[in-house]
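Chains as they are written, first to last, in the working numbering: chain G, 1 to 149; chain F, 1001 to 1149; chain Z, 2001 to 2079; chain Y, 3001 to 3079. Backbone N, C-alpha and C fix where the C-beta goes; we use that ideal spot for every residue, glycine too. Here's the structure we're looking at; comments come further down.
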Amino acid sequence: MKRFSVSAGPIDPDGFRRALVDPSCGAYVQFEGWVRDHNEGQQVLRLEYEVYEPLAVKEGLLIVDEAMERFEISRAAASHRSGLLELTDVAVVVGVSAAHRGPAFDACRYIIDQAKLRLPIWKKEHYANGAAEWVNCRHCAEAGHAHHP
Amino acid sequence: MKRFSVSAGPIDPDGFRRALVDPSCGAYVQFEGWVRDHNEGQQVLRLEYEVYEPLAVKEGLLIVDEAMERFEISRAAASHRSGLLELTDVAVVVGVSAAHRGPAFDACRYIIDQAKLRLPIWKKEHYANGAAEWVNCRHCAEAGHAHHP
Amino acid sequence: MSIIVRYFAAFREAAGLAEEHVDTTAATPAALFAECVARHSALERYTASLVAINDEMAGWESELSDGDEVLFFPPVAGG
Amino acid sequence: MSIIVRYFAAFREAAGLAEEHVDTTAATPAALFAECVARHSALERYTASLVAINDEMAGWESELSDGDEVLFFPPVAGG
Chain G
1 MKRFSVSAGP
11 IDPDGFRRAL
21 VDPSCGAYVQ
31 FEGWVRDHNE
41 GQQVLRLEYE
51 VYEPLAVKEG
61 LLIVDEAMER
71 FEISRAAASH
81 RSGLLELTDV
91 AVVVGVSAAH
101 RGPAFDACRY
111 IIDQAKLRLP
121 IWKKEHYANG
131 AAEWVNCRHC
141 AEAGHAHHP
Chain F
1001 MKRFSVSAGP
1011 IDPDGFRRAL
1021 VDPSCGAYVQ
1031 FEGWVRDHNE
1041 GQQVLRLEYE
1051 VYEPLAVKEG
1061 LLIVDEAMER
1071 FEISRAAASH
1081 RSGLLELTDV
1091 AVVVGVSAAH
1101 RGPAFDACRY
1111 IIDQAKLRLP
1121 IWKKEHYANG
1131 AAEWVNCRHC
1141 AEAGHAHHP
Chain Z
2001 MSIIVRYFAA
2011 FREAAGLAEE
2021 HVDTTAATPA
2031 ALFAECVARH
2041 SALERYTASL
2051 VAINDEMAGW
2061 ESELSDGDEV
2071 LFFPPVAGG
Chain Y
3001 MSIIVRYFAA
3011 FREAAGLAEE
3021 HVDTTAATPA
3031 ALFAECVARH
3041 SALERYTASL
3051 VAINDEMAGW
3061 ESELSDGDEV
3071 LFFPPVAGG
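Following this line, the structure appears as structure tokens:
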């Protein structure tokens, strides 16, 4: 399995976890981002992800490699959707297998946190009132990283 | 789905996650404990879990309820195997869905940490050299909780 | 008073039995366990364990009552 | 020098185009973006964003070279 991929079709979370099974591992942690029905008080009907794939793949691989170096884990991978998604669809999946659970949790969280900050991926929410908006990552803005001047 | 159960047969991790899907949730974290092929330098062939079910179920439900109270999550459940398990079998699964990922990670970790400390479940490892041993939870002993006098 | 003692996993194998009915004046699980160790010396090597009374987790200094069922759990190792 | 500028997502919609070829004396992405905001005022409201040069993430004070392709990314929101 590729350590990071962008998927234009539905993500299969069970196939994903099966590819990370390892007999030397006692712990597996999987994170899934789901399309949820609300955001900031608005009722969300569906989402659209725009991905700049050349750089998303490069940066995604880098993030997974960083996790492999920083934590005592055996396998790690992540995949992110592009295109139109419906409610409860899997937008992103991250899986980490390790001998012990501490590093598996820490590495999984590291990968999703970094992915949200660094991957060139944008989300457009389509609302029940007919409007559609690009979602700003408020946390990123507050964190003040990489502001343009 | 029951919030906590003891399972005499194989755990189906994909069926487990499907039961926790919730359209109000943007995040899902699943922990799985797998039977791994080594422990403390010994080659492990298989495991046996003894579960004192009346109290394991009572305490397991309590742990999940504590997580629901402490963290902003929507759904949580856990299931633990009893009986004989082979390598890579799922020994325990914990799943948490939530609006946001922080509480989902924290609650999932809380549940598995508490489960390992508090559930009346014992593990016997069967080794390649023919021996079999009840595994002491070294961490618990070191933590010094609930020592008998 | 009359107490039912139950042993699990490594305790059961160390004691060589799963359950015994004992007459005791032990006021607490701690005192009761000390009596059990005196009868079954193989129990001695365990340094951390849990106790339950009548299917409720309990402290080692809880008060025992006539007819209680006391469960001695060796160090747990779920997951 | 000659630079290719590419806009993504909200930037593309704000600028009304995905790509433009510009002749500029801007030495850095920060200076170049200021010129872009002057041409496309709707870009102004964005307060945090990322920049890449030739498909490598870059800093706002990196040095631009003739022929570079500069990618302006609005605040990302993966997951």
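Neighbour flag for residue i against chain Z, beta carbons, 8 Å
i	result
H1126 of chain F	no
W1134 of chain F	yes
Strand pairing of residue i, partner residues [DSSP]
i	result
Q114 of chain G	The partner list for Q114 of chain G (beta bridge, DSSP) is empty, contrary to what the question assumes.
V35 of chain G	None; V35 of chain G has no bridge partner.
G102 of chain G	In DSSP, G102 of chain G forms no bridge with anything.
W122 of chain G	G:E50
R81 of chain G	G:S7
R2006 of chain Z	Z:E2019 and Z:L2071
L2050 of chain Z	Z:F2073
E1086 of chain F	F:R1046
G95 of chain G	G:Q30 and G:A77
W1134 of chain F	F:K1124
E3056 of chain Y	Y:I3053
Buried or exposed by the 16-neighbour rule on C-beta atoms within 10 Å, applied to residue i
i	result
P3029 of chain Y	buried
L1181 of chain F	No statement about residue 1181 of chain F is possible, as the shown extent of chain F runs from 1001 to 1149 and does not include it.
L2043 of chain Z	buried
D2068 of chain Z	buried
L3017 of chain Y	exposed
A107 of chain G	buried
R1118 of chain F	buried
N1136 of chain F	buried
H1080 of chain F	buried
S2041 of chain Z	exposed
E125 of chain G	buried
S3049 of chain Y	buried
R70 of chain G	exposed
A1027 of chain F	buried
R1003 of chain F	buried
E2061 of chain Z	exposed
G1130 of chain F	exposed
G3079 of chain Y	buried
E3063 of chain Y	exposed
A8 of chain G	exposed
E1040 of chain F	exposed
A132 of chain G	exposed
H1139 of chain F	Summary for H1139 of chain F: the model assigns pLDDT 48, below 50, so the residue's position carries little reliability, and this model does not support an answer.
Closer than 8 Å to chain G by CB, residue i
i	result
F1031 of chain F	yes
G3078 of chain Y	yes
P3074 of chain Y	yes
D1089 of chain F	no
A1027 of chain F	yes
Chain F contact for residue i (CB, 8 Å cutoff)
i	result
S5 of chain G	no
I2003 of chain Z	no
Chain Y contact for residue i (CB, 8 Å cutoff)
i	result
V92 of chain G	yes
_Along the segment 39-56 of chain G, where does the CB come closer than 7 Å to a CB of chain Y? Name the residues._
For the segment 39-56 of chain G, the set of positions with a beta-carbon nearer than 7 Å to some beta-carbon of chain Y reads E50, Y52, P54 and L55 in chain order.
*Does the count of Cβ pairs from the segment 108-115 of chain G and the segment 34-54 of chain G closer than 8 Å reach three?*
Short answer: they don't touch.
*Does the segment 2041-2058 of chain Z touch the segment 1051-1069 of chain F, meaning 3 or more C-beta pairs lie closer than 8 Å?*
Yes, the segment 1051-1069 of chain F touches the segment 2041-2058 of chain Z.
*asked:* Which residues of the segment 1058-1087 of chain F have a Cβ closer than 8 Å to any Cβ of chain G? Give them in chain order.
replied: For the segment 1058-1087 of chain F, which is checked against every Cβ of chain G, the residues closer than 8 Å are L1087.
*Chain-ordered residues of the segment 3039-3071 of chain Y with a beta carbon less than 9 Å from chain G*: Identification of residues in the segment 3039-3071 of chain Y having a C-beta nearer than 9 Å to some C-beta of chain G yields Y3046, T3047, A3048, S3049, L3050, V3051, A3052, D3055, E3056, M3057, G3059, W3060, E3061 and L3071, given in sequence order.
*asked:* Closer than 7 Å between beta carbons: that is the criterion. Which residues of the segment 98-127 of chain G meet it against chain F?
replied: Under the 7 Å Cβ criterion, the segment 98-127 of chain G contributes A99, R101, F105, R109 and I112.
*Which residues, in chain order, does the segment 3007-3040 of chain Y contribute to contact with chain G at a C-beta distance below 7 Å?*
Result list: F3008, A3009, A3010, A3030 and F3033.
*Are the segment 1025-1034 of chain F and the segment 1091-1098 of chain F touching by the rule of at least three beta carbon pairs closer than 8 Å?*
Contact holds: three or more Cβ-Cβ distances are below 8 Å.
*Does the count of Cβ pairs from the segment 1068-1079 of chain F and the segment 1097-1105 of chain F closer than 8 Å reach three?*
These segments touch.
_Below 8 Å, how does it come out for the segment 1010-1020 of chain F and the segment 11-20 of chain G: are there three or more Cβ pairs, yes or no?_
Because the criterion of three Cβ pairs below 8 Å is met, the segment 1010-1020 of chain F and the segment 11-20 of chain G touch.
*Residues in the segment 1005-1021 of chain F having any Cβ partner in chain G nearer than 7 Å*: Those would be P1013, D1014, R1017 and V1021, in chain order.
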